[in-house]
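Sequence lines, in order, name chains A and B. Note that the numbering used here has the first sequence beginning at 270, numbered continuously upward. Note that the numbering used here has the second sequence beginning at 270, numbered continuously upward.
Number of protein chains: 2
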Amino acid sequence: MAYGTAIEALADPTRRKIFERLRRGPSAVGVLAEGLPVSRPAVSQHLKVLKEARLVSEEQDGARRIYRIDPQGLSQLRRWLDGFWDDALENFKAEAEGKGKKK
Amino acid sequence: MAYGTAIEALADPTRRKIFERLRRGPSAVGVLAEGLPVSRPAVSQHLKVLKEARLVSEEQDGARRIYRIDPQGLSQLRRWLDGFWDDALENFKAEAEGKGKKK
DNA sequence: ACATCATGTAAGCGATCGCTTACGGTAAGT
DNA sequence: ACTTACCGTAAGCGATCGCTTACATGATGT
Numbered sequence: 270m271a272y273g274t275a276i277e278a279l280a281d282p283t284r285r286k287i288f289e290r291l292r293r294g295p296s297a298v299g300v301l302a303e304g305l306p307v308s309r310p311a312v313s314q315h316l317k318v319l320k321e322a323r324l325v326s327e328e329q330d331g332a333r334r335i336y337r338i339d340p341q342g343l344s345q346l347r348r349w350l351d352g353f354w355d356d357a358l359e360n361f362k363a364e365a366e367g368k369g370k371k372k
Numbered sequence: 270m271a272y273g274t275a276i277e278a279l280a281d282p283t284r285r286k287i288f289e290r291l292r293r294g295p296s297a298v299g300v301l302a303e304g305l306p307v308s309r310p311a312v313s314q315h316l317k318v319l320k321e322a323r324l325v326s327e328e329q330d331g332a333r334r335i336y337r338i339d340p341q342g343l344s345q346l347r348r349w350l351d352g353f354w355d356d357a358l359e360n361f362k363a364e365a366e367g368k369g370k371k372k
C-alpha cells in the first residue's frame, strides 16, 4: 500500500523534473540544482521526499551525495496501475456485452 | 505530456478512494459520497478534477450523473511509467557492468 | 404548477505545500 | 589549523488545496 507516497511525491512538477533528470543517470545535488529554476536547498528537500517514497536512493561520495533512481517505488506504482488497467478493460468488455444484448 | 494532470489528480487520498471505488463499476455522485467521510459537494469537486484528467467519464441518466473509469488517463500514465521502467533497468545494467570492469 | 430529488457551483476558511534565506555540519585541499 | 566546497535542516512566508455551508439549476413525479 506504499504506492500512495510515490504518487504524492511525483505529483509536484519540480520533483518530476528532478526525477526525469535522474533518468539519464545518477547526479549530485548541486548539479541537479543548476538546471532548475529553484534554489539548491529546495532541490535537497525534494530529494528527501523522493527518497522516502523509495523513488531515489542516496550514496555518499566524499563531500557529495550522489542520487540515483531506485526501482522499488517505480515497481510498486507499476503493479498498482497494471491491476487497475486489467480491471478497467474487464469492465469495458462486460459493459459492451451488456449493451449489445439489450439491443 | 498530459500524464502530469493524471498524477496530480491521483495524488489526493480522497480522489484515490473515489477512483478505486469506480474500479468496481460505474456509480452516481450521491452513492459515492455515502461511503466516504466527506460531503457530497466535495465528491463532486473531486470528480471534476478526475474528469479533466481523463481518468473518469460522465454520462447523464435522467437527473443523475453516472461516472465510470476512463482508460485514456490510465493509459497515458502507464506509457510514461513503462518508459521510465525500461530506462531504469538499462542504467542499472550499465552501472553493474561498469563496476564489474573496474574490479 | 409545484414539490422533490440529484447534482454543480460560489464563497470562505484552515491547513498543507513549496520556496527562500540563514545557519550548522562534514569532507577535502592548502 | 584554516579555508573552501558540498550539503542538510530550521524558520518563516505566500500560495494553493480540500473541505464545508449556502445557493442555483435541471429532471422527475403528483
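The beta-carbon is built from N, C-alpha and C at its ideal position, and this holds for glycine as well. No experiment lies behind these values; they were computed from the predicted model shown.
Partner residues on chain B for residue i, Cβ-Cβ distance less than 8 Å
{"i": "L319 (chain A)", "result": "The premise fails here: L319 (chain A) is roughly 13 Å from chain B at the closest Cβ pair, so nothing lies under 8 Å."}
{"i": "G294 (chain A)", "result": "N360"}
Residues that residue i contacts on chain A, provided the C-beta gap is smaller than 9 Å
{"i": "L343 (chain B)", "result": "L350, F353, W354 and A357"}
{"i": "P340 (chain B)", "result": "W354, A357, L358 and F361"}
Status (buried if at least 16 other CB within 10 Å, exposed otherwise) for residue i
{"i": "Q345 (chain A)", "result": "buried"}
{"i": "G369 (chain A)", "result": "Its pLDDT being 45, under 50, G369 (chain A) is placed unreliably by the model, and the measurement read from it follows with that caveat. Label assigned to G369 (chain A): exposed."}
{"i": "V307 (chain A)", "result": "exposed"}
{"i": "R309 (chain A)", "result": "exposed"}
{"i": "K372 (chain A)", "result": "Low local confidence applies: a pLDDT of 32 at K372 (chain A) is under 50, so the model's placement there is unreliable, and no value is given."}
Rounded separation between residue i and residue j - CA only
{"i": "G304 (chain B)", "j": "A297 (chain A)", "result": "46 Å"}
{"i": "A343 (chain A)", "j": "W354 (chain B)", "result": "Per the sequence shown, residue 343 (chain A) should be read as Leu rather than Ala. For L343 (chain A) and W354 (chain B), the distance between alpha carbons rounds to 7 Å."}
{"i": "R334 (chain B)", "j": "N360 (chain B)", "result": "47 Å"}
{"i": "L319 (chain A)", "j": "A311 (chain A)", "result": "13 Å"}
{"i": "F288 (chain A)", "j": "A275 (chain A)", "result": "12 Å"}
{"i": "D330 (chain B)", "j": "G352 (chain B)", "result": "39 Å"}
{"i": "L301 (chain A)", "j": "V300 (chain B)", "result": "47 Å"}
{"i": "S313 (chain A)", "j": "Y336 (chain A)", "result": "10 Å"}
{"i": "S326 (chain A)", "j": "Q341 (chain A)", "result": "10 Å"}
{"i": "A363 (chain B)", "j": "K362 (chain A)", "result": "42 Å"}
Cβ-Cβ distance between residue i and residue j below 9 Å
{"i": "I338 (chain B)", "j": "L316 (chain B)", "result": "no"}
{"i": "P282 (chain A)", "j": "E328 (chain A)", "result": "no"}
{"i": "R347 (chain A)", "j": "L350 (chain B)", "result": "yes"}
{"i": "G273 (chain B)", "j": "R285 (chain A)", "result": "yes"}
{"i": "A322 (chain B)", "j": "A271 (chain B)", "result": "yes"}
Chain B contact residues for residue i, given Cβ-Cβ distances below 7 Å
{"i": "A416 (chain A)", "result": "The question about residue 416 (chain A) has no answer here: the residues shown for chain A are numbered 270 through 372."}
Chain A contact residues for residue i, given Cβ-Cβ distances below 8 Å
{"i": "G273 (chain B)", "result": "P282 and R285"}
{"i": "L346 (chain B)", "result": "L350"}
CB-CB length for residue i against residue j, believed under 8 Å
{"i": "A357 (chain B)", "j": "E277 (chain A)", "result": "So it is not a contact: roughly 20 Å between Cβ atoms."}
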